[in-house]
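Whatever position you read off the sequence shown (first residue = 1), add 19 for this note's numbering.
Virtual Cβ for every residue (Gly too), placed ideally from N, Cα, C.
For reference, the structure is listed below as structure tokens.
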Amino acid sequence: MQNSDQRFGVQLLQALLIFAIIGVAHATPSISDGSRLYAPCGVCHQPKAWGSPDGTIPSLAGQQKRYLEKQFALFSNGARVDAAMQVVTAHPILGNSNDIRVLAIFQA
Ligand code: HEC
């Protein structure tokens with residue numbers, strides 16, 4: 020049986036692969052919509068953003084936009100520590116604060 024660290028590792032890898040794919044598409048500005056940006060997140064947070072049934076991955080659905088943006092910033096600057104989310108927030112495709120805003124609106 021896999022422990023949860025191993026499971027996150029596989030999910031993180033899948034998410035990074037999706038980032039790589041949308042990274043290519045990202046060259047076209049019109050494609051930077053929330054659903055596309057959310058695709059890698061859905062590997063862990065689930066396609067409808069309800070999180071994992073056991074609660075190890077939190078639900079993003081229904082959460083306030085301002086709160087989501089703030090948590091993202093905290094992971095990004097290291098004030099909130101989580102290995103998976105720090106890798107995610109460090110990804111160059113999310114370097115633009117407008118992308119974070121689009122994502123937060125999409126999930127809310
Ligand atoms: C590899 C798995 C994984 C991926 C991919 C992932 N996350 Fe997360 N995320 C987590 C985990 C685990 C936590 C809980 C961290 C903790 O316990 O502090 C989390 C927490 C969060 C939180 C804080 C939620 C709260 O209620 O405080 C936000 C916001 C978030 N993720 C957004 C995203 C977005 C947006 C993406 C895609 C760009 C994403 N995540 C991709 C695993 C992931």
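Contact between the stretch 118-127 and the stretch 78-85 is established, with three or more Cβ pairs separated by less than 8 Å.
By the criterion of a C-beta distance shorter than 8 Å, Arg99 is surrounded in its chain by Gln90 and Leu93, once the five residues flanking it on both sides are discounted. Gln65 has its CB no nearer than 7 Å to any heavy atom of the ligand HEC. Under a 10 Å Cβ-count criterion, Thr108 is classified as buried, with 16 or more other Cβ atoms of the shown protein chains found around its own Cβ. Membership of Lys89 in the alpha helix (DSSP H) is indicated by the continuous run Lys84 to Asn96.
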